[in-house]
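Participant: Okay, so the sequence shown: first residue is 1 according to the working numbering, each after it adds one.
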Amino acid sequence: MAGVAVSPVLIGRQGEFEALRRALADGRAGAPRAMVIRGEAGIGKTRLVQEAIQSLRTDASADDPPVVVATAQCVDGGDGAPPFHALRGLVRDLRAGVGDGLLDIASASPGVRRTLGVLVPELAESAAAVAPESIEPSSDVVSDAIETVVERLSERFHVVVVVEDLHWADALTASFATLLAITLRGRHLTVVLTYRSDEVAGRPALSGVVALEARRDIEHLELARLSGAEVGSQIEAIAPGRFSGAGTDAIAARSGGVPFFVEELVSLEGEELPGALRDLLLLRYRSASPGARQIVALLSVGGDDVDHDILLRVSGRDRTVLDDGVREALERGLVTVTATGYGFRHALLREAVYGDVLPGERRDAHRVYADALESAGASFSTLAAVAEHRARAGDVPAAFDATVRCLAQPGSELAPSTTAALWRRLADWWDDVPDAQDRVGGASRMEVLRRAAEYLWHAGDYLEARSAVTAALDLPGPSDPVERAAALWWLVMCEGWISIRADEEALAEADALLAGRTESAALVQLARVRSISGRHDIAALEEAVVIARDAGDAETLAICLTNLAVRFVHDGEDELAAATAREALEVTSRAGGRHRALLVLANIRFFGARYREAAEVFESMRREALETGRERGHGAIATIGLGHALIPLGRLKEAEAHAHRALQLLVVPFDRSAALRILAERDLWGDRPAAYAEKRRMIDDEMRDVLDVPDEDFGWRRLDLLEALVRIAEEPDDRRRLELVRAGVTRESALRAAETQPWVRPWSLPLRAWLVAEGRRVSAADPSLDRGIAQIRDDVMALVSPPTIRGVVPVLVDFVAAALRVDAAFEPRLAAWRAVLAEVRAGEGLAVPFVHLATLHLAEVLVESGDRAGAEATLAQLGDSAGAEGDALVARWADELAARAGLGGDPGTRIASLTERESQVLELVARGMTNPQIGRELFISPKTASIHVSSILTKLGVANRTEAAAFAREARL
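#1: Can you look up V796 in the DSSP assignment and give me helix, strand or coil?
#2: I think A60 touches V191, with their Cβ atoms under 8 Å apart; what is that distance to the nearest whole Å?
#3: Any contact of the segment 334 to 341 with the segment 370 to 389, i.e. 3+ C-beta pairs under 8 Å?
#4: How long is the line joining the alpha carbons of A252 and P259, rounded to whole angstroms?
#5: I'd like to know if the segment 924 to 933 and the segment 946 to 960 are in contact, where contact means that at least 3 CB-CB pairs between them fall below 8 Å.
#6: With DSSP run on the structure shown, which of helix, strand or coil describes F344?
#7: With which residues is D511 paired in a DSSP beta bridge?
#8: When we look at the beta-carbon of R574 and count the other beta-carbons within 10 Å, is it buried (16 or more) or exposed?
#9: Quick check on DSSP: helix, strand or coil for Q14?
#10: Which residue from D786, L785 and W763 puts its Cα closest to that of F815?
#11: Nearest-angstrom Cα distance between Q14 and L221?
#12: Taking the alpha-carbon of L298 as reference, which of E723, D279 and G325 has the nearest alpha-carbon?
#13: With DSSP collapsed to three states, give me the class of R215.
#14: Where does T178 fall in DSSP's three states?
#15: Nearest-angstrom Cα distance between D895 and A901?
#16: Take V149 as the anchor and find which of E755, L189, D550 and I37 has the nearest alpha-carbon.
#17: Since A70 and L90 should fall inside the 8 Å C-beta cutoff, what is the C-beta to C-beta distance between them, to a whole number of angstroms?
#18: Based on DSSP bridge pairs, tell me the residues matched to P803.
#19: According to DSSP, which residues form a beta bridge with T194?
#20: In three-state terms, what does DSSP make of L226?
#21: Based on DSSP bridge pairs, tell me the residues matched to G189.
#22: Assuming L383 contacts A402 under a Cβ cut-off of 8 Å, what Cβ separation, rounded to an integer in Å, is found between them?
#23: Taking just the CA atoms, how far does P121 sit from L153?
#24: Using three-state DSSP, classify Q73 as helix, strand or coil.
#25: Can A724 and A750 be called in contact, C-beta distance under 7 Å?
#26: Using a threshold of 7 Å, state whether the C-beta atoms of H852 and A884 are closer than that.
#27: Classify E731 as helix, strand or coil using the three-state DSSP reduction.
#28: Is the CB-CB distance between T556 and A577 below 7 Å?
#29: If you run the structure through DSSP and keep just helix, strand and coil, what is L221?
#30: Are there 16 or more other CB atoms within 10 angstroms of the CB of S589, so buried, or fewer, so exposed?
#31: Contact check, A415 vs F670 under 8 Å by CB: the rounded distance?
#32: What residue range does the beta strand (DSSP E) around V337 cover?
#33: Buried or exposed: which applies to N563, given that a residue is buried once 16 or more other Cβ atoms fall within 10 Å of its Cβ?
#34: Could you compute how far the alpha carbon of E916 sits from the alpha carbon of L184?
#35: Give every residue of the same chain whose Cβ lies closer than 8 Å to the Cβ of R319, excluding the five residues on either side of it in the sequence, and list them in chain order.
#36: Identify the continuous alpha helix (DSSP H) that holds A493 and give its terminal residues.
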């Protein structure tokens, strides 16, 4: 039988080829793209990707960034798939493409280098100098490390990340692939994912991959079978003129239009067509020499990628004999060369060959592979493969022992889903292994299942975690009270994430099991239990802290201290909360514990209106996360907090940049909503109402569930009120303005309902004072509206007279007082706004956009008082500061006020600054009419006429109606 027959040209895929080439070209040009290619086995997914990448390389110019292709090839291993296999290949490709030096620079931090050293042992030398860290289980650490490297390399190279055969992906690889496709962290980046569309159903780990189909920003290609004509073209390209029309039709019918089967059938060279496709695949294998068949059979047992040295040990052959057998297999198109060894030309070939190996031969081969791998090293990934081979060889006790050794190696915490599966296998094998408890270091079966649940929880699979811990609790027979209490505690943790409630029955049972026990393990669990059960009670939380101290467990103490600090925050005891959170920082070295304690400290400062201090804490958190290689998790949350803290500091452009970075890192809707709120507030102050409306629509139409979370509901309601106030301020029509104020009152009511925690209310005080001021200008026309405005005013005054909640600082009280003086004469208003600005302190108290508003109001009163020079100087200063800080809205209002007041302009300019209605009123003033007369003439109320007259006096820069009439006559209005 001849070697492999492959068409020299790609047949029937022109549209798909062009689509993929566009995605690659966009990535090269600096517009990152992701594409998903799906189709059945043998349909040509890999060939399409290879051809498009080759075309990209061929068409490259000297100015284009060099192309680096990194492939993660997933393998079929079921629950026993080698950990990190696919991602290890990807990192090795990156290393080969850029060299060790650039890869080390791109690693960015000791944490990233340490993670890469676990993934790829040959990189461990550069990571060895990094001090070890107590790492909490998290698959985010691996994804973040690789994404960090990809992102940095993509500044200099066009990085093409290909993840092949995602239908076989373990949870870690599937998570990495979907996250990178969504976030597209990088500059010159293209992400290509392939999978068999008929093999993803029923695979929970692939739920994220399937969810990609709903995303409009990711292009999807479905490769269909070739038509009869296209099969004919493929045959002619492979073997020109060799097949008759009837022969071509027979191959088209037999292959079903699958290109891989066409190639196999063409290679038969006149042999009779086999009856089954499996027989077709085996023809090439069975026609090889006995030596080559043995090598190929061994490769099928070893997996999709077998190292050359391992194959040499397993075969027991002389190197020359092995090389001869491999060379024949290569020539026959059965196998291909990989980075470190050999793999099959197509996964379908491996599946067919593996199925053809006799069961006894398979078991013997698995045993030999286990022996060879065990002698090669003792890494987490290697020992996991040893355990899988021992299990398939039927030696369950040996597989059990290998799994135990595997779980003791570094790396288990980086692949929590895989680690959880290993713990569950120990539990499944328990009855078949003599002295199982002794072999696993004395842990009971309940403890083994509990550990599986713990790793599943860290992987974010809370439902499976609950299933595992429930299985632990349902085990028959007596159990150790401390172990059962630990399992109950993890049940509580699972329920907390699934149903957002504490399982009080489980907490009570755990407490009863632990009460009165004095051993350290019992005290640790008791402290954790009471830190949750007593979450509403300071005394109970303080008791949990005492128990944790007695237990001598630093991490448990940090948990209890942080929970106590949170309770102090709820009760308004900021100083106690801060001191307690700082103590938690002192006792913990783990990233998660530090993150939680720092978050408490940052929020105390933020809601206490100490924005600069809050930004400093968030920035410290962000830098720490970058250093430990946790930007996606802890770092992204810190980045969101930093963005929110920068807005009140007036650093709107920086806040926008941090929000965009967070969106690159995060996929959870709640977190993305928090980042979008930063951008939405930036849009409002940046004078981009359409952009704000688009983000609000996105929340309502695509992310509605996030509004069930109190923080997000409150945050968006607050922005809704701000948007309403901007519209009110912009509206020139009196009737329309009245309707907008009514809508504003409705939005304020919705905001009040969303303020479930009292300490968030000061954040909205300036908005409420602003609404009251706007309402007083129009509410006389509507008694019901007047009552609503009065109620809001009373609520505001209740918060500031005297201040009773953190964050109600003196400058905020002054702002409220000044805003509520809207009906007063200009002298007290002038004094009030000057008092506000005199009280402003950099980085705290009053958010900078409201400082800008206060300055604008001061300028308005200065114009009204006749101090035109003072108003002009104030507005010039405001325009400079607001514009420089990104507050384009207030900067524009400042320019418009200057224009309306005619500051720096001639009489004609001042007249031109009047609105159409104001010009009508001025004409009637010049004719000597009073406000009631003007009202009857123009069908408006006397109060509205009075407001127009006041505005006219301001814009013309005159002191009274007589001067205004004279000005109008001189201007010949």
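Each residue gets a CB set at the ideal place from its N, CA and C atoms; glycine is no exception.
Quantities reported herein were computed from a predicted structural model and do not represent experimental measurements.
Facilitator: Working from what's here:
#1: helix
#2: About 19 Å; that fails the 8 Å criterion.
#3: no
#4: 10 Å
#5: yes
#6: strand
#7: D511 is not bridged to any residue.
#8: Arg is not the amino acid found at residue 574; the sequence shown has Asp there. So D574 counts as buried.
#9: helix
#10: W763
#11: 12 Å
#12: G325
#13: coil
#14: helix
#15: 10 Å
#16: L189
#17: 5 Å
#18: V800
#19: I37
#20: coil
#21: Looking at the sequence itself, residue 189 is Leu, so the reference to Gly does not match. Its beta-bridge partners are V159.
#22: 6 Å
#23: 21 Å
#24: strand
#25: no
#26: no
#27: coil
#28: no
#29: strand
#30: exposed
#31: About 25 Å separates the two Cβ atoms, so there is no contact after all.
#32: V335 to V337
#33: buried
#34: 52 Å
#35: L312
#36: Looking at the sequence provided, one finds Met at residue 493 rather than Ala. Segment P481 to S499, the alpha helix (DSSP H) holding M493.
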